[in-house]
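Participant: Shown below is the structure under consideration.
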Amino acid sequence: LAGCGAISGARALMGLDPAPVKPDWKTLLISAADDANGNSAVAVDVVLVKDKAVLESLQTMPAAKWFAMRADLRRTFPDAFTVYPYELVPTQSIRLEAAQFSGQRAWAAFVFANYAIPGEHRARLPLNGAGYVVQLGAQGFQVGAIGAGAAQ
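Mapping of the sequence shown onto the working numbering: position 127 corresponds to residue 115, and the numbering continues sequentially without gaps.
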């Protein structure tokens, strides 16, 4: 039985759970560097995906296409995902606490950042992590996990 937790965690990471799950995140920090997006504001969407068919499309969709199609996707699939939209200017940080995601269940979560330069600018956030730091840089972003015992 000790291995069951590892299998369950791996299934959640890959979006293979038998049903959508609640994010385990305690916090999600989004922070823009001094030169983020070429020293310009950057739109960032945190997306919780509740429909497996939509998940298939979003996991390969570049951010520019996401932002261009977001309104149409919402109209076509109104219950398929929840979007938490933000816009950060260089040096700005925002912290999202667990309460923001309470009651939400999802198959997967993504971060999309609308950079001025071409690129994927998309990352998948495992739902079973304690939390994440999204660091917006000049030409792209990085995501790092916050450990369960780390200071938040």
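The C-beta atom is built at its ideal place from N, Cα and C for all residues, glycine as well.
If you're wondering where the values come from, they're calculated on a predicted model, not measured in any experiment.
1) Alpha carbon to alpha carbon, how far is Arg112 from Arg63?
2) With distances taken Cα to Cα, identify the nearest neighbour of Pro78 among Gln127, Val34, Leu43 and Phe55.
3) Roughly how many angstroms separate the alpha carbons of Glu85 and Asp22, rounded to a whole number?
4) For Leu(-11) and Gly135, I'd like the C-alpha separation in whole angstroms.
5) Pick helix, strand or coil for Ala118, following the three-state DSSP scheme.
6) Express the C-alpha separation of Phe98 and Phe65 in angstroms, rounding to a whole number.
7) Suppose contacts are defined by Cβ-Cβ distances below 8 angstroms. Is Asn25 in contact with Leu124 by that definition?
8) My understanding is that Lys14 touches Ala118, with C-beta atoms under 8 angstroms, so please give their C-beta distance in whole angstroms.
9) With DSSP as the reference, label Leu(-11) as helix, strand or coil.
10) Is the beta carbon of Tyr103 sitting closer than 8 angstroms to the one on Ala51?
11) If you run the structure through DSSP and keep just helix, strand and coil, what is Asp33?
12) From Ser90 to Ala96, what distance separates their C-alpha atoms?
13) Using only alpha-carbon positions, find the residue among Ile18, Ala41, Ala31 and Ala7 that is nearest to Gln130.
14) State yes or no: is the C-beta of Val32 within less than 8 angstroms of the C-beta of Phe69?
Facilitator: This is what the structure holds:
1) Between Arg112 and Arg63, the C-alpha separation is close to 23 angstroms.
2) Put simply, of Gln127, Val34, Leu43 and Phe55 the residue whose alpha carbon is nearest the alpha carbon of Pro78 is Gln127.
3) A straight-line Cα-Cα distance of about 24 angstroms links Glu85 and Asp22.
4) With a pLDDT of 47 at Leu(-11), under the threshold of 50, the modelled position of this residue cannot be trusted, and the question is left open.
5) When secondary structure is reduced to three states using DSSP, Ala118 falls in the coil class, being assigned neither helix nor strand.
6) CA-to-CA, the gap between Phe65 and Phe98 works out to about 17 angstroms.
7) In terms of Cβ geometry, Asn25 and Leu124 form a close pair [threshold 8 angstroms].
8) Indeed they touch by this definition, with Cβ atoms about 6 angstroms apart.
9) Summary for Leu(-11): the model assigns pLDDT 47, below 50, so the residue's position carries little reliability; its value from the coordinates is reported in the next sentence. Correct three-state label for Leu(-11): coil.
10) By the CB criterion at 8 angstroms, Tyr103 and Ala51 fall inside the cutoff.
11) Asp33 falls in the strand class under three-state DSSP.
12) Looking at the two C-alpha atoms, the distance is approximately 15 angstroms.
13) The shortest C-alpha to C-alpha distance from Gln130 to any of Ile18, Ala41, Ala31 and Ala7 is the one to Ile18.
14) With contacts defined by Cβ atoms closer than 8 angstroms, Val32 and Phe69 do not form a contacting pair.
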